[in-house]
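To get the working numbering, take the position in the sequence shown, counting from 1, and add 30.
A virtual CB, placed ideally from N, CA and C, is assigned to each residue, including glycine.
Below is one structure, written out as structure tokens; the observations come after it.
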Amino acid sequence: MFQIITDACCDLPAEILDQADVAYIPMILTLDGKEYVDDLGQTFDYDGFLKSLQENKQPTTSQINIGRYMEYFRPHVENNVPILYIGFSSGLSGSYSSALQAVELLKEEYPQALIYCVDTKAASLGEGMLVMEAARLQKAGKSLEEIVEWLETYKMNLRSWVMVNDLKHLEKGGRISKAAATIGGLLHVKPIITVDTEGKLQNVDKIRGRNKAIQKIIAETAHDLDLTIVNQLYFAHSGDQETAQQIFKELKAKYPHVPITRYSLGPTIASHTGYGCFALFSMGKNSR
31 MFQIITDACC DLPAEILDQA DVAYIPMILT LDGKEYVDDL GQTFDYDGFL KSLQENKQPT
91 TSQINIGRYM EYFRPHVENN VPILYIGFSS GLSGSYSSAL QAVELLKEEY PQALIYCVDT
151 KAASLGEGML VMEAARLQKA GKSLEEIVEW LETYKMNLRS WVMVNDLKHL EKGGRISKAA
211 ATIGGLLHVK PIITVDTEGK LQNVDKIRGR NKAIQKIIAE TAHDLDLTIV NQLYFAHSGD
271 QETAQQIFKE LKAKYPHVPI TRYSLGPTIA SHTGYGCFAL FSMGKNSR
């Protein structure tokens, strides 16, 4: 037996992770000088948070430090339970580096500790998809090493297509350069971003008009979709329930026999994407 652990940037609801026997490490964000815990929907006031985003407030987020990783890893290590940590992209946060350092410190105390860390090079439900597949494989009887091999083999097939209203939140949060963000202020232009091989955000297109931008991310998802790797689509959004429902219906019409998992972007991720972000996650035929 081994324990799968992830972090709140996977954007999966806490109850879903509980059902899958996956532990998670909350993230911390600050808004109007007050700290909040991103606990995947257990206590966080998400509606109030969305209202703040609509008012153009800029939350800030903090990476998970070494001490907090040790706090969450240590009980399993002390009980000789191996750990598989599936983490937020190292291209977007220093959290993964902190996890590796925490593992080294724990191994100084517990040389026999078995801890695998996987850098998903992904965010939100892209990371969440990999977490759920790992949990599924665990329940199917696959070994820890087999699951790590699967994750390392297929994580670069993960596709992330994201439409944001503008790039100001990503720029202010340091997730995209100021030069790349300049198009965000253009009238009716909706930036299209994806995640590259380093797990970083790349602004790849600018589409005039919201509906055309939505059709763009749907088309890009369909372009090299490989349902033999994971027979499922994941769809995340920050607010704008009406448009989100429209996109969901379009996806269901296009893929009537494919399960589509839909959840809100968590507050940590939405702090950087802003209100009205839509993101599609799937597996592609080739590596990024």
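Can you tell which of the options has the C-alpha that lies nearest to the C-alpha of residue i?
i: Y76; options: Y115, D149, S119 and S268; result: S268
i: D188; options: C147, A309, Y146 and L114; result: In the sequence under discussion, the amino acid at residue 188 is Leu, which differs from the Asp named in the question. Among C147, A309, Y146 and L114, the Cα nearest to that of L188 is on A309.
i: G63; options: S317, V148, M193 and T90; result: T90
i: S190; options: N95, V225, A170 and M159; result: V225
i: D41; options: N95, S154 and E228; result: S154
i: V194; options: S128, I145 and Q232; result: Q232
i: L122; options: T258, D270 and E228; result: E228
i: K220; options: L70, Q271, S127 and T303; result: T303
i: V111; options: Y146, L80 and P43; result: Y146
i: D51; options: A164, T291, A243 and I96; result: A164
i: S92; options: P56, P43, Q49 and G71; result: P56
i: E182; options: D149, A170 and I34; result: D149
i: N261; options: Q271, E176, G78 and V288; result: V288
i: E250; options: T258, R240 and D235; result: D235
i: T258; options: K315, L80, L281 and A274; result: K315
Is residue i helix, strand or coil when you go by DSSP?
i: N233; result: strand
i: P221; result: strand
i: H267; result: strand
i: Y54; result: strand
i: R98; result: helix
i: I35; result: strand
i: R238; result: strand
i: L160; result: helix
i: S317; result: coil
i: T60; result: strand
i: A309; result: strand
i: D77; result: helix
i: T91; result: strand
i: L255; result: strand
i: V260; result: coil
i: E272; result: helix
i: S154; result: helix
i: S84; result: The sequence shown places Gln at residue 84, rather than the Ser named in the question. If DSSP states are grouped into helix, strand and coil, Q84 belongs with the helices.
i: Q72; result: coil
i: L167; result: helix
If you count every other CB in all the chains shown that lies within 10 Å of the CB of residue i, and 16 or more means buried, which is it?
i: R238; result: exposed
i: R166; result: exposed
i: E138; result: exposed
i: M31; result: exposed
i: A129; result: buried
i: L59; result: buried
i: T73; result: exposed
i: H106; result: buried
i: K151; result: buried
i: G306; result: buried
i: D37; result: buried
i: S119; result: buried
i: E175; result: exposed
i: D68; result: buried
Where does the unbroken beta strand (DSSP E) through residue i begin, and where does it stop?
i: G117; result: I113 to G117
i: E65; result: K64 to D68
i: L192; result: The question names Leu, but residue 192 in the sequence shown is Val. Run containing V192: L188 to M193, per the beta strand (DSSP E) assignment.
i: C147; result: I145 to D149
For the alpha helix (DSSP H) that contains residue i, what are its first and last residues?
i: D48; result: A44 to Q49
i: Y293; result: No alpha helix (DSSP H) holds Y293; the beta strand (DSSP E) holding it covers I290 to S294.
i: S125; result: S125 to E139
i: Y285; result: It is not in any alpha helix (DSSP H) - Y285 carries neither H nor E in the DSSP assignment.
i: V178; result: L174 to Y184
i: S301; result: P297 to T303
Does the distance from the CB of residue i to the CB of residue j come in under 8 Å?
i: M159; j: F311; result: yes
i: Y264; j: T291; result: yes
i: I222; j: I247; result: yes
i: L80; j: F103; result: no
i: L295; j: A252; result: no
i: I177; j: L114; result: yes
i: I96; j: A53; result: no
Between residue i and chain C, is there a C-beta pair that is closer than 8 Å?
i: G124; result: Among the protein chains of the structure shown there is no chain C, as only one such chain exists.
CB of residue i to nearest heavy atom of the ligand FAD: below 7 Å?
i: Q262; result: This structure does not include the ligand FAD; it has no bound ligands of any sort.
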